[in-house]
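Peer 1:
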Amino acid sequence: METAKEQHVEPTDGELKEDIRTKEIASYFGYGFAQCISFGLIGTYILFFYTDILGISAAAASVIFLIARTWDAINDPMMASLMDTLKSKHGKFRPYLKYMPYLIVLSTIACFLPLDGLSMTAKLIYAGGTYILWGMVYTASDVPFWSLSSVMSQDTQQRTKLITFANMGVFTGIALSPTIFIPLTKWLGGGDTGQGYLLATIALMAIALPIMLNGFKNTKERVEPPKSKVKFSDGLRALKANKPMFAILVVFFCNVFMNITQALNIYFFTYNLGSASLMTMFGIISFASCIGFFIIPKLTKQYKKKHILMVIVAVDILVRIVWFSVGYGSVVVSLIFIGVTMLLYTSTGPLISGMLAETIEYTEYKTGKRNEAVVFSGQTFTGKLSVAVSGGATGLILTAINYQSNQAQSEFTMDMLFFVIALLPALGSLIRLIIMYFYSYTETEYKDIVEKLRVRKKYPQVYPQK
C-alpha cells in the first residue's frame, strides 16, 4: 500500500473543490496591492531618498542594505517557524493581517522622514534602524499573506487563481508609486523635496491601511493542518527536506536583476531620456503589463508552469538583445521595449509563486508538517534580499559608472546606464531558463502527492504521521 492509486479517496468537506467567492479573491488581491504600495516605495525610492535627499553616500546606503539583509537571514526563518506553531480563533495566518497593517504604515512613513538638521552620523543610524525595522514588520505581514493562499484552497486551479490575483495586487501596488509618487511629492512638497517625500508617503499609506484591513475581514482559511503539533525545530527540518522550494527560490531571487533596473529607472529617465516625469509613464506601463495575469491561469490549464516560464524567459532574452541593438535614442521606442519586457516580467510572478505554493504539500509529505510560513518566508526573505542586493549593487554601479548627483552625466555614464537597464535582466532570464530545464517537480508530481496525503489522512492507522 505504497501509492495513492491503490486507495482512491474522494475529496471531502470542500477540501479541493471549494469555490472561492469573487469578494474573497478581491479582498485577497487588495491586501497584496496595499501592502506592496509600501514595498514599491521602499524598493523604488529609498536609495534615491538616502543619496539625494539625506545626503548619504551610495556606499553607506549599500552597507545599510547589507546589514539589514544579514539580520533578515537570521530573523525571517525564526519568525516564520514561530508562525507555524501558533493558531488563534481567526485561524493560523489571518490574525497577522488584522494587526500588521498598522505597523506597515508607521514603519514606512518613518523611513521617509527628511531628518533636517541632524548630523550625518545620526542620519545613518536612523536610516539603518528604520530600514531594518521596516524589513521585520514587512516579514510579519508578507509571510502570512502568501501562506494564506495555501490554506484558502488545495485545488491547484483555485490556488493558481488566488496566487495570480495576489501577484496582480503585488505588481499593481508596486506600480502605483512610480505612477503618482513623484507628482504627489511636487504637489505636496511645495518645492521642498524632503517634505514632499514624507507627505506623499503619508498620503499613500492612508490609502493602503483600510484596503489591507479589508483583506483580513473577507478571507477564510479552509485547509486544516496535520493534527500533530508543529515545533520550532520542524521549521528547520522542512527547510532541509524541501529541495524543490530551494530551486524555485533561486528562480525568484533572479528578480534581483530586474530590481536593479527598477532602482535605476529614475536615473535612466532623468538623464538618458531627459525627464524624471517619465516615471509616471513607467507606472502606467507597469499597470498595463498586468494584463499578463489574465492570460496565465488559462495557459496553466493547458500547459505546465515550468514550460510556460521557460518560453517567457527565452523571449525576454531575445527582446532585450534587440532593444540593446536599437539603442535609447527614441523615447517612444524605449518605452515600447520597456512595456514588452515589463509584460514578460510580471507574467512570471504567478507562475513562480504557484510553483512555490505546490512545494508545501511536498514538505508535508516528507515531514508530516505543512510549514506554510517557513516556505513563504523563503519567498519573503528572497524578495527582500533581492531588493537589498539590487539596492547595494545599484549604489556600486552608480559609483563605478561615475554618476554625479544633480548634474549632467557623461556619455560613458549614460551608455552604461542603458547597458544595465536593457541587458542585465537577460542574465536573470538565462539563469531561470537553465534551472527550469532541470526542474522536475511539476503539476503531475504535485497531484500525486496531494492524493497520497489524502490517503494518509483517511487511513492514519496505515499511514501514520511522520
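Residue numbering for the sequence shown follows this note's numbering, starting at 5 and increasing by one per position.
A virtual CB, placed ideally from N, CA and C, is assigned to each residue, including glycine.
If I measure Cβ to Cβ from Y201 and keep anything under 8 Å in the same chain, skipping five residues before and after, which residues do I get?
Peer 2: Residue mapping note: residue 201 aligns to position 197 of the sequence shown, counting from 1. The answer, listed in chain order, is Y49, F53, I57, F116, P118, T189, G193.
Peer 1: Mapping the DSSP letters down to three states, classify G432 as helix, strand or coil.
Peer 2: The residue you call residue 432 lines up with position 428 of the sequence shown. Reduced to three states, the DSSP call for G432 is helix.
Peer 1: Can you say whether T176 is buried or exposed, counting buried as having 16 or more other CB atoms within 10 angstroms of its CB?
Peer 2: Residue mapping note: residue 176 aligns to position 172 of the sequence shown, counting from 1. Burial call: buried.
Peer 1: Applying the criterion that 16 or more other CB atoms from any shown protein chain within 10 Å of the CB defines a buried residue, is K456 buried or exposed?
Peer 2: Reading the sequence shown from its first residue, position 452 is the one you call residue 456. Under this definition K456 is a buried residue.
Peer 1: Express the C-alpha separation of L101 and S145 in angstroms, rounding to a whole number.
Peer 2: By one-based count along the sequence shown, residue 145 stands at place 141. By one-based count along the sequence shown, residue 101 stands at place 97. Rounded to whole angstroms, S145 to L101 spans 6 Å at the Cα level.
Peer 1: In whole angstroms, what separates the C-alpha of K235 from that of T74?
Peer 2: As a first step, residue 235 is located in the sequence shown; it is residue number 231 there, counting from the start. As a first step, residue 74 is located in the sequence shown; it is residue number 70 there, counting from the start. In this predicted model, K235 has a pLDDT of only 47, less than 50, meaning its place in the structure is not dependable enough to derive any value.
Peer 1: Cα separation between K233 and V379?
Peer 2: Start at 1 with the first residue of the sequence shown, and residue 233 comes out as number 229. Start at 1 with the first residue of the sequence shown, and residue 379 comes out as number 375. Residue confidence is low: K233 scores 47 on pLDDT, short of 50, so the model does not pin down where it sits. Its coordinate-derived value is still stated next. Each residue's alpha carbon lies about 17 Å from the other.
Peer 1: Rounded to whole angstroms, what's the CA-CA distance from Y135 to K165? Just pull it up for me.
Peer 2: Position 131 of the sequence shown, counting from 1, holds the residue named residue 135. Position 161 of the sequence shown, counting from 1, holds the residue named residue 165. If I take the Cα positions, the gap works out to 33 Å.
Peer 1: Less than 9 Å between the C-beta atoms of V317 and R436, yes or no?
Peer 2: Here residue 317 corresponds to residue number 313 of the sequence shown, with the count starting at 1. Here residue 436 corresponds to residue number 432 of the sequence shown, with the count starting at 1. Contact: yes.
Peer 1: Ignoring anything shorter than 4 residues, give me the alpha helix (DSSP H) runs that lie fully in the stretch 264-341, in order along the chain.
Peer 2: If we require 4 residues or more, the alpha helix (DSSP H) runs fully inside the stretch 264-341 come out as 282-293, 296-306, 309-330.
Peer 1: With distances taken from CA atoms, which of I439, V141, A430 is nearest D320?
Peer 2: Counting from 1 along the sequence shown, the entry for residue 320 is found at position 316. It is A430 whose Cα lies nearest to the Cα of D320.
Peer 1: Could you tell me which residues DSSP puts in a beta bridge with G47?
Peer 2: Taking the sequence shown and counting its residues from 1, the one referred to as residue 47 is at position 43. DSSP lists no partner for G47.
Peer 1: Suppose you measure from the CA of N79 to the CA of S414; what does that come to, to the nearest Å?
Peer 2: As a working mapping, residue 79 is identified with position 75 in the sequence shown. As a working mapping, residue 414 is identified with position 410 in the sequence shown. Approximately 42 Å between the Cα atoms of the pair.
Peer 1: May I ask which residues mark the beginning and end of the alpha helix (DSSP H) holding F250?
Peer 2: Here residue 250 corresponds to residue number 246 of the sequence shown, with the count starting at 1. Residues 247-257.
Peer 1: Taking the alpha-carbon positions, what's the I300 to M172 distance?
Peer 2: Start at 1 with the first residue of the sequence shown, and residue 300 comes out as number 296. Start at 1 with the first residue of the sequence shown, and residue 172 comes out as number 168. Cα to Cα, I300 sits roughly 11 Å from M172.
Peer 1: For Y332, count the other beta carbons within 10 Å of its own beta carbon; 16 or more makes it buried, fewer makes it exposed. Which is it?
Peer 2: Residue 332 sits at position 328 when you count from the first residue of the sequence shown. It is buried - the Cβ of Y332 has at least 16 other Cβ atoms within 10 Å.
Peer 1: Using the Cβ count rule (16 or more neighbours within 10 Å means buried), how would you classify K231?
Peer 2: Within the sequence shown, residue 231 is the residue found at index 227, counting from 1. Because K231 carries a pLDDT of 49, less than 50, the predicted location of this residue cannot be relied on, and the following value inherits that uncertainty. The residue is exposed, with fewer than 16 neighbouring Cβ atoms inside 10 Å.
Peer 1: Can you give the Cα-Cα distance for R25 and F149, rounded to whole angstroms?
Peer 2: One-based indexing of the sequence shown puts residue 25 at position 21. One-based indexing of the sequence shown puts residue 149 at position 145. Roughly 18 Å separates the two Cα atoms.
Peer 1: Are the CB atoms of I252 and T183 nearer to each other than 9 Å?
Peer 2: Taking the first residue of the sequence shown as 1, we reach residue 252 at position 248. Taking the first residue of the sequence shown as 1, we reach residue 183 at position 179. No, the pair does not count as a contact, with Cβ atoms beyond the cut-off.
Peer 1: If contacts are defined as beta-carbon pairs under 8 Å, then V260 and S394 qualify, I think. What distance do you get, rounded to the angstrom?
Peer 2: By one-based count along the sequence shown, residue 260 stands at place 256. By one-based count along the sequence shown, residue 394 stands at place 390. V260 to S394, Cβ: 5 Å. Contact.
Peer 1: Can you name, in chain order, every residue of its own chain whose Cβ lies under 8 Å from the Cβ of V335, other than the five neighbours on each side?
Peer 2: Residue 335 sits at position 331 when you count from the first residue of the sequence shown. These residues qualify, in order along the chain: L277, G278, L282.
Peer 1: Return helix, strand or coil for F116, following the three-state DSSP convention.
Peer 2: If you number the sequence shown from 1, residue 116 lands on position 112. In this structure, F116 counts as coil in the three-state DSSP scheme.
Peer 1: Check whether the stretch 395-413 and the stretch 209-221 touch, using three or more Cβ-Cβ pairs below 8 Å as the test.
Peer 2: The stretch 395-413, when compared against the stretch 209-221, does not touch it at the 8 Å Cβ threshold.
Peer 1: What residue range is occupied by the uninterrupted alpha helix (DSSP H) comprising E362?
Peer 2: As a first step, residue 362 is located in the sequence shown; it is residue number 358 there, counting from the start. First-last for E362: undefined, no H or E at that position.
Peer 1: Report buried or exposed for S151, applying the criterion of at least 16 other Cβ atoms within 10 angstroms of its Cβ.
Peer 2: By 1-based counting over the sequence shown, the position of residue 151 is 147. Buried, because 16 or more other Cβ atoms sit within 10 Å of the Cβ of S151.
Peer 1: Work out the CA separation of V424 and F416 for me, nearest whole Å.
Peer 2: Residue 416 sits at position 412 when you count from the first residue of the sequence shown. Residue 424 sits at position 420 when you count from the first residue of the sequence shown. Roughly 12 Å between the two C-alpha positions.
Peer 1: For V13 and I453, what's the separation of their Cα atoms in angstroms?
Peer 2: Looking up residue 13 in the sequence shown gives position 9. Looking up residue 453 in the sequence shown gives position 449. Note that V13 scores a pLDDT of 39, beneath 50, so its modelled location is shaky and nothing firm can be said.
Peer 1: Just verifying my parser: in three-state terms, what is the DSSP assignment at S123?
Peer 2: Reading the sequence shown from its first residue, position 119 is the one you call residue 123. Three-state result, S123: coil.
Peer 1: Could you have a look at K224 and say whether DSSP puts it in helix, strand or coil?
Peer 2: Looking up residue 224 in the sequence shown gives position 220. Correct three-state label for K224: coil.
Peer 1: Between S290 and A179, is the Cβ-Cβ spacing less than 9 Å?
Peer 2: Reading the sequence shown from its first residue, position 286 is the one you call residue 290. Reading the sequence shown from its first residue, position 175 is the one you call residue 179. It is a contact, given that the beta carbons lie within the stated cut-off.
Peer 1: For the alpha helix (DSSP H) that contains L58, what are its first and last residues?
Peer 2: Along the sequence shown, read from residue 1 onward, the residue named residue 58 stands at position 54. No alpha helix (DSSP H) holds L58; DSSP gives it neither H nor E.
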